[in-house]
Structures are given as C-alpha cells and as structure tokens.
Amino acid sequence: MHAIVQTDPHNNRALELQKVDVPQLKPGEVLVKIHAAGVNRADLNQAAGNYPPPPGESDIIGLECAGVIADPGDTQRTTGEEVCCLLAGGAYAEYAAVPEGQLLPIPDGYSLTEAAAVVEVACTVWNNLGQIAKISAGQRVLIHGGAGGIGSFAIQLAKAQGCEVAVTAGSAEKLEYCRKLGADMLFNYRQDDWSKELKNSVDTILDVVGGPYLEGNIRALAPEGNLITIAVQGGRKAEVNLGLLMMKRLTIRGTTLRSRPRKDKAAIVASTLEHVWPLLANGSIKNHIHATLPLAEAARAHELLDSGEVSGKLVLEV
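Below you can see the structure in the form of structure tokens.
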C-alpha cells in the first residue's frame with residue numbers, strides 16, 4: 010500500500026508518499042481501506058519527534074480515519090461496511106488495522122470525508138467534558154483555542170449540554186468564528202485579561218496551552234472547579250499556588266487519549282457513540298472542515314495547521 014513516511018527524523022516536513030507493507034491483523038482487528046484521514050496537532054508533534062506512538066502501534070502518522078472494511082478478520086463485522094475509526098497511529102495510509110472496539114458508524118448525514126474529521130475530537134472532548142468533568146446545564150465552561158479542531162467541537166458540545174461558553178482565540182476573525190458556533194464570551198488572548206474578567210466564575214476549563222496559562226486558569230476557576238489539560242502547546246511547566254488550589258478546592262487533571270489501553274478506548278468510543286453521535290445526526294454539533302488536501306500533501310497540511318490560520322479541521326483524502 011501507499012502511506013506517508015517521514016524520510017528524515019530531523020525534518021518534520023519530510024513527509025513523502027511511499028510503498029509500505031499492508032498491516033497484518035491481530036486478533037480482534039479489522040482491516041479498513043481508508044477514504045480520508047483527519048489531521049490533528051498531535052500529528053505535528055509526532056513528526057517533530059515529541060509524540061511517539063505507543064509500543065506495538067503503527068508508526069505511521071494519523072489518529073483518525075474513515076473508510077470501508079476490507080477484511081473483517083476474526084470479528085463479526087462485514088466486508089464493505091462503512092466505518093470511522095479512532096487510532097493510535099496509521100491513518101495517513103491506504104489501509105489501517107483497527108481494533109473492533111475503536112470502530113464507529115458513519116454519523117447520519119455525513120460523508121466519509123466529513124466523518125474522518127470528527128472521531129478523535131469527539132472522543133477527546135466527550136471523554137474530558139462529558140465523562141470526567143460531567144458538565145451540565147447552567148455551568149460556565151472556558152475553552153482555550155476555541156477556533157481549533159478541539160475547540161470548535163467543544164464549544165458546540167458544551168452548548169448542547171446547556172452550558173455558558175467562554176473562549177480564547179488569537180484574532181477577531183477566529184473569535185467571530187467561535188461566536189457563530191455558539192460561544193457566549195469571547196476573549197482575544199493577545200489583548201484581553203481573560204483570567205481577570207472570569208475570576209472565580211468558571212466551573213470547567215479545557216486547556217490546550219499548558220504552563221503559561223496555569224496561574225490564570227486557577228484564578229478563573231470557581232470554587233470546586235475543574236481544570237483539564239489535554240495539550241501543552243505553550244509549555245510543560247509552571248508554578249502553582251497550592252494555597253489558592255486548596256482554598257478553592259480545585260481539581261487539576263491532565264489527560265491523553267492515544268496511550269490508553271485498548272479496552273479504555275473502546276469504553277470511550279462506546280460512550281461517545283451513545284452521547285455524541287445523536288448530536289451530530291440532529292445538527293446540534295456540526296462538522297467544520299477548513300480544507301481538504303490529497304494524502305500526498307500531508308506536509309502541506311502540517312504546514313497549514315502549524316500556521317495558526319486554520320479554523321476547524323483539516324482532512325487528507327486518499
């Protein structure tokens with residue numbers, strides 16, 4: 010098959026379409042012929058050498074895809090069945106071996122290309138906001154990076170749960186995009202002191218920045234609030250005021266999805282299917298694809314995502 014191969018480990022843009030072996034199925038896996046793959050910031054991190062795949066997983070980049078089952082292996086799945094998939098790696102290719110528990114049906118009304126852009130963000134956002142934070146109607150949720158793939162989805166999910174949503178983004182255009190998705194409070198992080206404006210008022214924060222925002226996040230949280238960090242785009246380290254943490258009875262939690270055991274991922278996928286797929290089907294959450302590129306232009310897709318000019322998701326079509 011053809012797949013994107015990083016030909017120079019020291020060059021994160023050295024991504025070329027080459028011939029590689031079709032993956033061999035393990036027990037409980039199906040072989041999916043990929044139609045499209047979503048592009049995520051984690052893919053850029055892997056290409057930069059900062060986010061290697063878990064042991065035993067494909068070293069091909071890509072965490073989500075959609076396509077048709079080419080070989081059901083030892084499962085009860087059907088050849089030709091359309092599916093979208095949560096992966097630990099392997100999406101930037103013509104075929105991927107996927108654990109059965111990480112398969113999802115194509116959402117009603119979605120094309121394969123559209124479905125490829127929602128799996129990873131849906132599972133990530135639902136796991137953190139729905140399962141961990143258990144957001145509910147009337148709460149205030151702050152989403153950093155509101156115009157990105159995660160942020161776009163998180164705004165809509167939080168609104169669907171009846172929450173008031175505050176977001177940060179880096180331009181008036183991106184904030185307007187967030188407003189159209191339903192965000193109630195808009196903060197340009199280059200100009201606005203969002204932590205002062207939101208002081209002691211936020212129930213849950215979904216953070217992709219990390220260290221530089223820790224102090225402000227703690228200031229913004231209401232008593233018994235939750236800070237969930239899922240990325241560290243701004244840095245890994247910061248000092249924390251433990252006295253304020255204790256006084257406000259705050260919970261700080263860091264999570265990742267890629268490295269979890271397969272049984273944990275299967276449980277997250279099942280919960281996402283139950284709670285989020287109906288919201289996709291009825292239009293409460295809409296897919297936002299910034300651009301679609303051919304698989305061979307993976308390097309261009311990474312360059313585009315790294316530019317900071319993307320609102321929503323990028324998709325590679327095979």
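In terms of our numbering, the sequence shown opens at residue 10 and continues consecutively.
Ideal placement from N, C-alpha and C gives every residue a C-beta, glycine not left out.
From a predicted model like this one, the values you see are computed outputs, not experimental measurements.
Check, Outcome
"Contact belief for Cys172 with Ala146 at Cβ below 8 Å, rounded distance in angstroms", "7 Å"
"Local Cβ density within 10 Å of Pro36, reported as buried at 16 or more and exposed below that", "exposed"
"Closest residue to Leu40 among Val107, Asn49, Val319, Ser293 (Cα-Cα distance)", "Val107"
"Entirely enclosed beta strand (DSSP E) segments - the segment 104 to 143, minimum 3 residues", "104 to 108, 112 to 114"
"Through-space distance from Asp80 to Gly160, alpha-carbon basis", "35 Å"
"Range of the contiguous alpha helix (DSSP H) that encloses Cys187", "181 to 190"
"Helix, strand or coil at Ala56 [DSSP, three-state]", "helix"
"For Leu266 and Ala240, the rounded distance between their alpha carbons", "11 Å"
"For Phe196, the residue or residues it bridges with in DSSP", "Thr177"
"Beta-carbon spacing of Lys28, Ile78 below 9 Å", "no"
"Under the three-state DSSP convention, the category Ala312 falls into", "Residue identity check: residue 312 is Glu in the sequence provided, not Ala. It is helical."
"Val278 versus Leu113 - alpha carbon distance", "7 Å"
"Assumed close pair Cys74, Ala56 - CB separation to whole angstroms, cut-off 8 Å", "The Cβ separation is near 17 Å, so there is no contact."
"Cβ-based burial, Ala124 [other Cβ within 10 Å; buried from 16]", "buried"
"From Asp216, His44, Gln33, residue whose alpha carbon lies closest to that of Gly89", "His44"
"For Ile13 and Ala102, believed in contact at Cβ under 8 Å, the rounded distance", "7 Å"
"Pairwise C-alpha distance: Lys183 and Ala65", "Residue 65 is actually Gly in this sequence, not Ala. Answer to the nearest angstrom: the Cα atoms are 39 Å apart."
"Residue nearest to Tyr198 in terms of C-alpha spacing, selected from Ser180, Lys208, Ile214", "Ser180"
"According to DSSP, residues forming a beta bridge with Asn235", "Thr213, Thr260"
"From Gly292, Glu326, Ala290, Thr281, residue whose alpha carbon lies closest to that of Ala300", "Glu326"
"Cα-Cα separation, Asp30 to Met10", "6 Å"
"Alpha carbon of Gln170 to alpha carbon of Asp17, nearest angstrom", "45 Å"
"The segment 284 to 294 / the segment 258 to 272 touching (three or more Cβ pairs under 8 Å)", "no"
"C-beta contact flag for Asn235 and Arg269 at 9 Å", "no"
"Short Cβ contact (9 Å threshold) for Leu26 with Ala307", "yes"
"Classification of Leu323 by the beta-carbon crowding that lies within 10 angstroms, buried from 16 upward", "buried"
"Cβ distance (whole Å) where Asp214 is taken to contact Leu190 below 8 Å", "Inspection of the sequence shows that residue 214 is occupied by Ile rather than by Asp. Incorrect: roughly 18 Å between the Cβ atoms, too far for contact."
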